[in-house]
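A.B. asks:
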Amino acid sequence: FLLRDMVFGLDSNFSEEAFVQRINADLANDLGNLVSRTLTMATRFLPGQAPAVTEEAEAAPLPDTARRVLAEVETDFAELGLHKALMAIWEFINVANKYIVENEPWTLAKDPERRGRLEAVLYNVLEALRVIAVLIAPFMPSTAEKILSQLGIEGGTQDFDSIRSWGGLPAGSRLTRGEALFPRVEFRKEAV
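Positions in the sequence shown are counted from 1; adding 143 to them yields our numbering.
(1) Measure the Cβ-Cβ separation of Ala209 and Ile296 and say whether it is below 9 Å.
(2) How is Gln192 classed by DSSP in three states: helix, strand or coil?
(3) Measure the C-alpha to C-alpha separation of Ala323 and Asn267 and round it to an integer number of angstroms.
(4) Within the continuous alpha helix (DSSP H) that includes Gln293, where are the two ends?
(5) Just to confirm, are Val196 and Glu270 a CB contact at a threshold of 9 Å?
(6) Can you find the residues in the same chain that come closer than 6 Å, C-beta to C-beta, to Thr319, ignoring five residues on each side of it along the sequence?
(7) Please return the same chain residues whose Cβ sits closer than 7 Å to the Cβ of Val216, not counting the five positions on each side in sequence.
(8) Would you mind giving the Cβ-Cβ distance between Ile337 and Ile275, rounded to the nearest angstrom? I have them listed as a contact below 8 Å.
(9) Beta-carbon separation of Glu199 and Arg260 under 9 Å?
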């Protein structure tokens with residue numbers, strides 16, 4: 144919250160209500176939901192393992208967006224624009240969520256003839272989670288580690304260099320669903 148809503152070097156405001164809204168919107172709804180539904184679909188529609196990356200997967204909009212966001216985050220870090228880095232990362236999270244909605248893996252799973260497309264779509268979203276985990280690691284290291292673990296990746300093996308090219312999630316990586324990363328929080332205004 145502090146790094147996202149407060150500009151480094153400037154005065155800022157804080158309220159518990161804004162804090163709860165940020166948790167529920169960015170963490171629970173955007174990131175938490177992306178991780179949960181991706182791993183739910185992947186463990187349901189795939190045999191619990193990451194599929195192989197294909198040319199079709201590399202042609203999707205996610206790889207180009209990931210490269211652009213990584214470059215933007217590195218620039219923002221150099222300029223101490225940490226709030227801008229987080230904004231760019233959340234832009235990528237929103238693109239990944241939109242990609243799921245547009246490609247409807249739940250519909251692809253119903254048609255055995257579209258199995259290749261289903262695997263490409265799920266690979267892209269799983270790979271997007273890997274990229275997101277690396278990008279958020281400087282801000283939320285334990286959350287990044289949890290996401291990587293659910294993707295079957297051991298901690299400490301991923302850094303910005305590992306996400307410069309698309310397709311770093313190894314085929315066959317064991318996928319596991321975990322508990323909700325960020326349960327929703329209810330804001331209760333105390334009576335004065």
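Idealized CB from N, CA, C, for every residue including glycine.
C.D. replies: In terms of the structure at hand:
(1) no
(2) strand
(3) 21 Å
(4) 284-293
(5) yes
(6) Gln293
(7) Ala228, Ala231, Ile232, Leu278
(8) Here the chain comprises residues numbered 144 to 335, so residue 337 is not present and cannot be evaluated.
(9) yes
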